[in-house]
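Accompanying notes for the structure given below.
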Amino acid sequence: MNLHEYQAKELLKKYNVPVQEGIACNTPGEAEEAYRQIHTQYSSKFAVVKAQIHAGGRGKGKIRGTEQRGVAVGKNAEAVKEIAQNILGGTLVTIQTGEAGKVVNKVLVAQDVYYEGPNPIKEFYLSILLDRAKGQNVIMYSTEGGMDIEEVAHNTPEKIFKEWVHPGGLLQGFQARKIAFNLGLSGEAFKNCVKFVTNLYNAYVGLDCAMLEINPLFKTSDEKIIAVDCKMNIDDNALTRHADVASLRDISEEDPTEVEAGKYNLNFVKLDGNVGCMVNGAGLAMATMDMIKLSGGEPANFLDVGGSANAQTVEAGFRIILKDPKVKAILINIFGGIVRCDRVAQGVIDAYKNMGNIEVPIIVRLQGTNAAEAKQLIDESGLKVQSAIMLSEAADLVNKAVTAA
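With numbering that gives the first Met the number 0, letter number 41 in the sequence shown gets 40, and the count goes up by one each step, no holes.
Following this line, the structure appears as structure tokens:
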């Protein structure tokens with residue numbers, strides 16, 4: 000589950016991680032008032048207005064049809080209000096959103112941290128995630144902050160450092176000091192960085208994060224170390240332990256069909272193809288998608304109905320797949336191990352009848368327990384559903400359906 004920047008920062012503060020302070024706003028008027036509060040509380044000459052969407056590249060992105068950036072600096076209350084007015088309700092297009100963009104419903108008005116002082120300011124990069132190859136958490140960091148880490152990795156890979164931590168233990172003191180040293184820090188900034196990294200790792204573990212990225216990790220002119228931006232992704236499987244975090248979910252940022260699928264406990268990911276697929280089991284779903292491509296089609300989705308496919312889940316799957324106008328055929332590929340094929344076949348028949356006539360060709364491939372009985376049920380149902388037992392047979396039917404469409 001992804002979080003907005005303002006939500007992630009509030010969670011980090013509970014772990015004593017210093018952040019760029021700000022106020023989330025829904026209207027230009029709220030943004031104007033937020034500037035006044037920040038100006039008074041933090042003596043901020045400027046304020047930064049940041050669009051809150053689940054995507055990166057906001058600073059380079061623009062509101063569609065305008066030159067307004069997704070992140071902009073306001074020098075007074077009026078300017079902040081105008082920027083917020085330009086952003087709110089607009090569609091922000093960034094390198095991560097693609098041309099579709101995302102509608103901005105909220106902005107974060109944040110304090111200015113680029114103030115003058117006795118020392119130069121510096122921007123760093125730091126993230127924590129799981130290194131699946133090593134089976135350990137890894138802290139990736141670089142002196143090149145404020146940039147896309149992919150760009151840094153491509154142009155100057157020697158500037159990316161990694162520190163691995165066993166998931167069963169804590170970040171050790173020498174590791175935190177090593178990170179601060181490699182970032183070129185000394186004195187008060189060094190000490191503050193050690194505290195920051197230690198507390199940040201505790202937040203990563205304590206919140207069951209799948210990924211936690213700070214870019215830029217910022218050293219102020221008075222040697223403070225703070226998180227100016229934060230991207231946080233929470234492991235969905237751990238949300239039962241974090242009811243307060245689960246309540247922060249913003250479904251308006253998610254694909255509507257994926258949200259609906261979640262209500263039926265269906266694992267669904269929308270793709271850009273023309274063949275809808277419904278499968279029981281993630282591995283079989285991946286193999287089915289390969290088969291669709293080999294047959295001349297393109298998968299329109301990944302849909303795993305799990306091991307207990309029935310009329311209700313099949314009907315829900317049908318309705319979700321058919322919301323995509325690009326779908327020219329639907330392939331149902333079920334292996335009857337735990338679930339009997341004839342029960343799935345009856346579920347397909349019942350779902351079809353409940354929905355009425357479905358114009359898109361449906362191919363059902365059933366293999367495993369009672370596969371022959373299932374094929375007979377489909378063939379004798381009188382419905383426009385084609386059945387198959389062999390995978391190659393199903394592939395041929397898919398190919399004919401896509402070609403004829």
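Using N, Cα and C, we set each Cβ at its ideal position, and we do this for glycine too.
To the nearest angstrom, how far is the alpha carbon of residue i from that of residue j?
i, j, result
"residue 0", "residue 248", "7 Å"
"residue 278", "residue 163", "37 Å"
"residue 397", "residue 350", "21 Å"
"residue 244", "residue 71", "28 Å"
"residue 343", "residue 155", "54 Å"
"residue 409", "residue 189", "Because residue 409 is not part of the residues shown, which for the chain are 0 to 404, the question remains open."
"residue 73", "residue 108", "9 Å"
"residue 176", "residue 52", "34 Å"
"residue 87", "residue 252", "15 Å"
"residue 258", "residue 203", "26 Å"
"residue 305", "residue 166", "29 Å"
"residue 93", "residue 60", "4 Å"
"residue 180", "residue 152", "20 Å"
"residue 41", "residue 19", "11 Å"
"residue 291", "residue 362", "12 Å"
"residue 352", "residue 22", "52 Å"
"residue 414", "residue 194", "Shown here, the chain extends from 0 to 404; a query on residue 414 therefore has no answer."
"residue 14", "residue 168", "17 Å"
"residue 379", "residue 285", "30 Å"
"residue 16", "residue 78", "30 Å"
"residue 58", "residue 187", "30 Å"
"residue 267", "residue 255", "11 Å"
"residue 236", "residue 376", "38 Å"
"residue 395", "residue 145", "51 Å"
"residue 48", "residue 228", "12 Å"
"residue 240", "residue 10", "15 Å"
"residue 130", "residue 289", "27 Å"
"residue 393", "residue 280", "18 Å"
"residue 382", "residue 399", "18 Å"
"residue 374", "residue 303", "21 Å"
Measure the CB-CB distance between residue i and residue j and report whether it falls below 9 Å.
i, j, result
"residue 34", "residue 80", "yes"
"residue 273", "residue 200", "no"
"residue 138", "residue 148", "no"
"residue 7", "residue 110", "no"
"residue 231", "residue 2", "yes"
"residue 301", "residue 276", "yes"
"residue 384", "residue 327", "no"
"residue 95", "residue 54", "yes"
"residue 366", "residue 388", "yes"
"residue 283", "residue 334", "yes"
"residue 89", "residue 65", "yes"
"residue 124", "residue 44", "no"
"residue 368", "residue 336", "yes"
"residue 143", "residue 161", "no"
"residue 116", "residue 220", "yes"
"residue 233", "residue 207", "yes"
"residue 293", "residue 332", "no"
"residue 103", "residue 37", "no"
By the 10 Å Cβ neighbour count, where 16 or more other Cβ atoms means buried, how is residue i classified, buried or exposed?
i, result
"residue 214", "buried"
"residue 262", "exposed"
"residue 98", "exposed"
"residue 4", "buried"
"residue 69", "buried"
"residue 312", "buried"
"residue 217", "buried"
"residue 191", "buried"
"residue 242", "exposed"
"residue 141", "buried"
"residue 403", "exposed"
"residue 171", "exposed"
"residue 346", "buried"
"residue 371", "exposed"
"residue 296", "buried"
"residue 386", "buried"
"residue 197", "buried"
"residue 178", "buried"
"residue 298", "buried"
Compare the C-beta of residue i against all C-beta atoms of chain D and say whether one is closer than 9 Å.
i, result
"residue 65", "Considering every chain present, this structure includes no chain D. It has just one protein chain."
Handout entry: Segments of 3+ residues assigned as beta strand (DSSP E) that fall wholly inside the stretch 214 to 246
Key = 224 to 226 and 230 to 233
Practice task
Please confirm if the stretch 116 to 135 is in contact with the stretch 25 to 34, defined as three or more CB-CB distances below 8 Å between the two stretches.
Solution key: no
Practice task
Could you say if the stretch 76 to 92 and the stretch 120 to 127 meet the contact criterion of at least three C-beta pairs nearer than 8 Å?
Solution key: no
Exercise for the section: List in chain order: all unbroken beta strand (DSSP E) runs of 3+ residues lying wholly within the stretch 36 to 99. Expected result: 46 to 50, 70 to 73 and 90 to 92
Problem - Every unbroken alpha helix (DSSP H) inside the stretch 334 to 383 [4 residues or more] - result: 340 to 354 and 370 to 378
Handout entry: Entirely enclosed beta strand (DSSP E) segments - the stretch 240 to 283, minimum 3 residues
Key = 266 to 269 and 274 to 278
Problem - Cβ pair count under 8 Å reaching 3, the stretch 352 to 370 against the stretch 309 to 327 - result: yes
Exercise for the section: Let me know the beta strand (DSSP E) ranges lying completely inside the stretch 98 to 182, each 3 residues or longer, listed in chain order. Expected result: 106 to 110, 121 to 130, 135 to 141 and 159 to 164
Problem - Segments of 4+ residues assigned as alpha helix (DSSP H) that fall wholly inside the stretch 188 to 218 - result: none
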